[in-house]
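Sequence order for the protein chains is A and B. Sequential numbering from -10 applies to the first sequence in our numbering. Sequential numbering from 5 applies to the second sequence in our numbering. Here is the structure we will look at.
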Amino acid sequence: MNWQPSASLTVIRQRARIYNQIRAFFNTRGCLEVDTPALMPTTSTDLNIASFELPHIPHRLYLQTSPEYAMKRLLAAGSGSIFQICHAFREGEAGRRHNPEFSLLEWYRVGYDYQQLMDEIELLITTLSLSRCRFRRISYRELFRQSLQLEIEALALGDLRRHCERLVPGTDSDGLDADQCLDLLLAMAIVPAMRDYLFVYDYPISQAALARASAGDASVAERFELFYDGIELANGFSELTDASQQRARFEQDNRARRERGLPELEIDARLLAALESGIEDCAGVALGLDRLLMVLLELDSIDQVLTFRD
Amino acid sequence: MASYSTNEFRSGLKIMIDGDPCSIIENEFVKPGKGQAFNRVRIRNLKTGRVLDKTFKSGESVDAADVIDTEMQYLYSDGEFWHFMDPQSYEQQAADANAVGDAKQWLKAQDSCEITLYNGSPIGVTPPNFVELEITDTDPGLKGDTAQGGTKPATLETGAVVKVPLFLEIGELVKVDTRSGEYMSRVKK
């Protein structure tokens, strides 16, 4: 019987080191460490995220896919800038870079926008890294233009599907909608060629998640993702703070869930009430700590950083 | 018909792709950020042997292929078909040249082979990794040349041609690795 840890003791010690350094980094920068529940009665309505659901009386509970909703309620309660290191859970995500249970560092900065938050991420990773880091930033549209010579805003669904079949051999694009086509091109034709740290920002508004629309261009959202050598490390936003827009996005998620035959989910009324009570402008980001460890220690598989993967 | 969801994908799983039975060689779960997840799969078409890449949306289902691998004993060839027998049930199967493919040059009566059956009919034959075959034709051996390390072509009883050391003679038995087609050693009769 193999009872041994999946990660080596060296990696386990490195994890302890970066956790200590992360706490020191935020403590000296006036960010409060918080702890929110892993089990809550509502969960993310995001189409592409599946939650573990647990039977419980008087109401079912979900393992949280990220601490986002609870942390926003803290912000609405006047916490100021906050950070959290926790485990998050996503059903069906397993592979060389995915495990259904994973470690997140999530933080919110009151008064920041997404560009300022990217600056802070660069500083954090430079602090944690054992070697020099190079960061670049590129907008989502410019990335498609430079990598694939595609002007995505000019493409109809039929064009997008054709480019999917051309650029990703072995794809049957009939069942893909426009965002799925973009996801496919990004995942298969662009991300594998990425080098160093790269922020991709200003995602299409249809992929805004919980980001606010850009002040200058309503067709994009102030959302970014950070990649290192094609490994996705972080996802962040200038946060949507408007309760009625947030409710509309939840309802839109549920309509899309119905169309795809996915279960509709109860909308988190407590989060909406918190937003209604008022929340300061802020930016927030979730950074995958298992993957960050992989990158910092130059390891190839998430198995090598998970303490146990049985 | 049975089907598999992409999260059941693993290497060796047999699925139907474009009407042909295929075997999964490699499966990778890909999800860049918040969007749609995909499974990038490398598969081998079991009929043609061709390897190709396929992309599925994660959560999609694919029909299972009714494919089993079974150990059978090679009996003989009538020129058109190669005949095999299940050593337990004595049931016989006839595989055509397409199904036998390159394996035919290693088939010797009574050797045990792996037969791939699709809907009950043979579509593939895998010979044993190592076979012992007699040399039926080669240039005369050079006595005292055992240390030189030179080679010469030799025709074996099944028709296969392999490179063997210079000292080997017609009538001798050699052990061959069927995966590489390479001579391994001389076998004492």
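Don't be surprised by glycine CBs; every beta carbon is placed ideally from N, CA and C.
### Query
Would a C-beta distance cut-off of 9 Å place THR120/B and VAL45/B closer than the cut-off?
Sequence index remark: in the second sequence, residue 120/B carries index 116 (1-based). Sequence index remark: in the second sequence, residue 45/B carries index 41 (1-based). The answer is no: Cβ separation not under 9 Å.
### Query
Looking at TYR8/A and THR31/A, is the spacing between their C-beta atoms short of 9 Å?
Walking along the first sequence from the start, residue 31/A turns up at place 42. Walking along the first sequence from the start, residue 8/A turns up at place 19. Here THR31/A is not near TYR8/A, since their CB atoms are 9 Å or more apart.
### Message
So, for ALA178/A: in the same chain, excluding its five sequence neighbours on each side, which residues have a beta-carbon less than 8 Å away from its beta-carbon?
### Response
Translated into positions along the first sequence, residue 178/A becomes position 189. Excluding sequence neighbours, ALA178/A sits near SER136, LEU137, LEU156, VAL157.
### Query
In the segment 26 to 44 of chain B, which residues sit with their C-beta less than 9 Å from some C-beta in chain A, listed in chain order?
For the segment 26 to 44 of chain B, the set of residues with a beta-carbon nearer than 9 Å to any beta-carbon of chain A comprises ASN31, GLU32, PHE33, VAL34, LYS35, PRO36, GLY37, LYS38, GLY39, GLN40, ALA41, PHE42, ASN43, ARG44, in chain order.
### Task
Using only alpha-carbon positions, find the residue among PRO91/B, GLU84/B, ALA69/B that is nearest to MET76/B.
As a working note, residue 76/B is residue 72 in the second sequence. With distances taken between Cα atoms, MET76/B lies closest to PRO91/B.
### Residue-chain proximity (ASP57/B, chain A), Cβ-Cβ < 9 Å
As a first step, residue 57/B must be located in the second sequence, where it is residue number 53. Yes, ASP57/B counts as interfacial toward chain A.
### Task
List the residues of chain B that ASP168/A touches, going by C-beta distances under 9 Å, in chain order.
Locating residue 168/A in the first sequence gives position 179, where the first residue counts as 1. Here the neighbours are GLY39, GLN40.
### Query
Of the residues that make up the segment 61 to 87 of chain B, which ones have a beta carbon closer than 9 Å to any beta carbon in chain A?
Answer in chain order: LYS61, SER62, GLY63, GLU64.
### Task
Spell out a yes or no on whether the segment 217 to 227 of chain A and the segment 263 to 280 of chain A are touching, meaning 3 or more CB-CB pairs, one atom from each, closer than 8 Å.
With a cut-off of 8 Å, the segment 263 to 280 of chain A and the segment 217 to 227 of chain A count as touching, because enough Cβ pairs lie within range.
### Message
Using beta carbons (cut-off 9 Å, strictly below), is ASN49/B in contact with chain A?
### Response
Counting from one through the second sequence, the residue named residue 49/B turns up at place 45. Taking 9 Å as the threshold, the shortest C-beta distance from ASN49/B to chain A does not fall below it.
#### Entry: Closer than 7 Å at the beta carbon, the chain B residues around PRO158/A
As a working note, residue 158/A is residue 169 in the first sequence. Listed by position along chain B, the residues whose Cβ is nearer than 7 Å to that of PRO158/A are ASP57.
### Task
Going by DSSP, name the residue or residues bridged to HIS76/A.
Your numbering for residue 76/A matches position 87 in the first sequence. SER92/A.
### Span separating the alpha-carbon of PHE216/A from that of VAL66/B
Working through the first sequence from its first residue, we reach residue 216/A at position 227. Working through the second sequence from its first residue, we reach residue 66/B at position 62. Rounded to the nearest whole angstrom, the C-alpha separation of PHE216/A and VAL66/B is 31 Å.
### Message
In the DSSP assignment, the beta strand (DSSP E) including LEU52/A goes from what residue to what residue?
### Response
By 1-based counting over the first sequence, the position of residue 52/A is 63. Counted as a single uninterrupted DSSP element, the beta strand (DSSP E) harbouring LEU52/A occupies residues 50 to 52.
### Query
In this structure, does DSSP put LEU282/A in helix, strand or coil?
As a working mapping, residue 282/A is identified with position 293 in the first sequence. Looking at LEU282/A - three-state DSSP - the assignment turns out to be helix.
### Query
Hey, quick one: how far does the alpha helix (DSSP H) through ALA13/A stretch, first residue to last?
Along the first sequence, read from residue 1 onward, the residue named residue 13/A stands at position 24. Per DSSP, the unbroken alpha helix (DSSP H) holding ALA13/A starts and ends at -2 to 17.
### Task
Keeping to the same chain, check which residues put their C-beta closer than 8 Å to that of SER55/A; ignore five residues upstream and five downstream.
Here residue 55/A is taken as the residue at index 66 of the first sequence, counted from 1. Hits under 8 Å: SER33, ALA77, LEU93, GLU95, ALA275.
### Query
So the beta strand (DSSP E) MET(-10)/A belongs to, where does it begin and stop?
Counted from its first residue, the first sequence places residue -10/A at position 1. Careful: MET(-10)/A lies outside any beta strand (DSSP E) and carries neither H nor E.
### Task
Name, please, each residue of chain A whose Cβ falls closer than 8 Å to the Cβ of VAL11/B.
On the second sequence, position 7 is the one that residue 11/B refers to. Position check: residue 11/B holds Asn in this sequence, whereas Val was assumed. Per Cβ cutoff of 8 Å: GLY81, ALA83.
### Message
So for MET20/B, helix, strand or coil by DSSP?
### Response
In the second sequence, residue 20/B corresponds to position 16, counting from 1. Correct three-state label for MET20/B: strand.
### Task
Give the residues of chain B in contact with HIS152/A, contact being defined as C-beta atoms less than 7 Å apart.
As a first step, residue 152/A is located in the first sequence; it is residue number 163 there, counting from the start. Correct list: empty, because the minimum Cβ distance to chain B is about 14 Å.
### Task
May I ask you to verify whether the segment 7 to 23 of chain A touches the segment 240 to 260 of chain A, counting CB pairs closer than 8 Å and requiring at least 3?
The answer is no - the segment 240 to 260 of chain A does not touch the segment 7 to 23 of chain A, with fewer than three Cβ pairs under 8 Å.
#### Entry: the segment 113 to 132 of chain A touching the segment 178 to 191 of chain A, judged by at least three CB pairs closer than 8 Å
Yes, since at least three Cβ pairs between the segment 113 to 132 of chain A and the segment 178 to 191 of chain A fall closer than 8 Å, the two stretches touch.
### Query
For the alpha helix (DSSP H) that MET107/A lies in, which residues bound it at each end?
Working through the first sequence from its first residue, we reach residue 107/A at position 118. Taken as a continuous stretch (DSSP letters only), the alpha helix (DSSP H) holding MET107/A covers 103 to 117.
### Message
Restricting to Cα atoms, I'd like to know which of PHE226/A, LEU113/A, THR296/A, ALA258/A is closest to SER233/A.
### Response
The residue you call residue 233/A lines up with position 244 of the first sequence. Out of PHE226/A, LEU113/A, THR296/A, ALA258/A, ALA258/A has the C-alpha closest to the C-alpha of SER233/A.
#### Entry: Three-state secondary structure assigned by DSSP to PHE133/A
To locate residue 133/A, count along the first sequence from 1; it is residue 144. Looking at PHE133/A - three-state DSSP - the assignment turns out to be helix.
### Close beta carbons around TYR192/A, own chain, < 7 Å, minus the five adjacent residues each side
Indexing the first sequence from 1 puts residue 192/A at position 203. Apart from the 5 residues on each side of it in sequence, TYR192/A sits with its Cβ closer than 7 Å to the Cβ of TYR129, VAL209, ALA210, ARG212 in its chain, given in chain order.
### Residues within the segment 177 to 204 of chain A neighbouring chain B, beta-carbon criterion of under 8 Å
So the close ones are MET177, VAL180, GLN196, ALA198.
#### Entry: Residues that TYR80/B bridges to, as DSSP identifies them
Walking along the second sequence from the start, residue 80/B turns up at place 76. Its beta-bridge partners are HIS87/B.
### Query
For the candidate residues GLY63/B, THR74/B, ARG183/B, LEU17/B, whose alpha-carbon lies nearest to that of SER27/B?
By one-based count along the second sequence, residue 27/B stands at place 23. Distance from the Cα of SER27/B is smallest, within the candidate group GLY63/B, THR74/B, ARG183/B, LEU17/B, for LEU17/B.
### Message
According to DSSP, is SER9/B part of a helix, a strand, or is it coil?
### Response
Along the second sequence, read from residue 1 onward, the residue named residue 9/B stands at position 5. SER9/B: strand per DSSP, three-state reduction.
### Task
Since I believe TYR8/B is in contact with ALA68/B (beta carbons under 8 Å), could you give me their beta-carbon distance rounded to a whole number of angstroms?
As a working note, residue 68/B is residue 64 in the second sequence. As a working note, residue 8/B is residue 4 in the second sequence. By a beta-carbon distance limit of 8 Å, ALA68/B contacts TYR8/B. Their separation comes to about 6 Å.
### Task
Using a Cβ cut-off of 7 Å, pull out every chain B residue sitting near GLU221/A, in sequence order please.
Position 232 of the first sequence holds residue 221/A. Residues of chain B passing the Cβ test: PRO36, GLY37.
### Task
Could you say which of GLU140/A, LEU173/A, GLU142/A lies nearest to ARG301/A if we only look at CA atoms?
Since the first residue shown for chain A is -10 and the last is 299, residue 301/A is missing from the structure and cannot be characterised.
#### Entry: Option nearest PRO132/B by Cα separation, candidates ILE139/B, ASP115/B, THR142/B
As a working mapping, residue 132/B is identified with position 128 in the second sequence. The residue with the shortest Cα to Cα distance from PRO132/B is ASP115/B.
### Query
Roughly how many whole angstroms lie between the Cα atoms of SER81/B and GLY23/B?
As a working mapping, residue 81/B is identified with position 77 in the second sequence. As a working mapping, residue 23/B is identified with position 19 in the second sequence. Using only the alpha carbons, I get a separation of about 29 Å.
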